[in-house]
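In this text, residue positions in the sequence shown follow full-length UniProt numbering: the first is 1, and each later residue adds one. Idealized CB from N, CA, C, for every residue including glycine. Note that the structure is a prediction, hence the values are computed from the model and not measured. As structure tokens, the structure follows; a few thoughts come after it.
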Amino acid sequence: MAAAIAQATSKRLASLAVSSTPKRMPGVKQLHSSAPKQTGGSHDSHGNGHDSHGDDYDAYLHAEHMYNLPGMKHRKLKMGLAVFAVVAIGTGVPIFAVIFQQKKAMIM
């Protein structure tokens, strides 16, 4: 059985190696690619008429006071909670993963 499969496989590979042009199989699409389209003009990809190089583009794109950390209300509380959350998740997830794996392996 294995010898017959090996012989059939070697014949198929030999026939593929002999033919230099690939045969088209019916119902199989050929690979096709094209060059990327070249666009010009403004860098504004939104198409809304706003000047992409204006002075207030960042304020338009995001929010006027988005990155104003010194002016943030309750900054110490918010940043403290954010740091605590990152540290808690960073330590809690690996501990949970180890406990979970040990329970699955019934080591504990």
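Assign D51 to one of three DSSP states: helix, strand, or coil. Residue placement at D51 is poorly supported in this model, since its pLDDT is 49, which falls under 50; the coordinates still yield a value, given next. Reduced to three states, the DSSP call for D51 is coil.
Rounded to the nearest angstrom, how far is the Cβ of R75 from that of L69, given a contact under 8 angstroms? 7 angstroms
Which residues mark the beginning and the end of the alpha helix (DSSP H) in which Q30 is found? Element bounds for Q30: n/a, residue is neither H nor E.
Secondary structure at I95, three-state DSSP: helix, strand or coil? helix
Among the residues of its own chain, which have a CB less than 6 angstroms from the CB of V87, if the five just before and after it don't count? none
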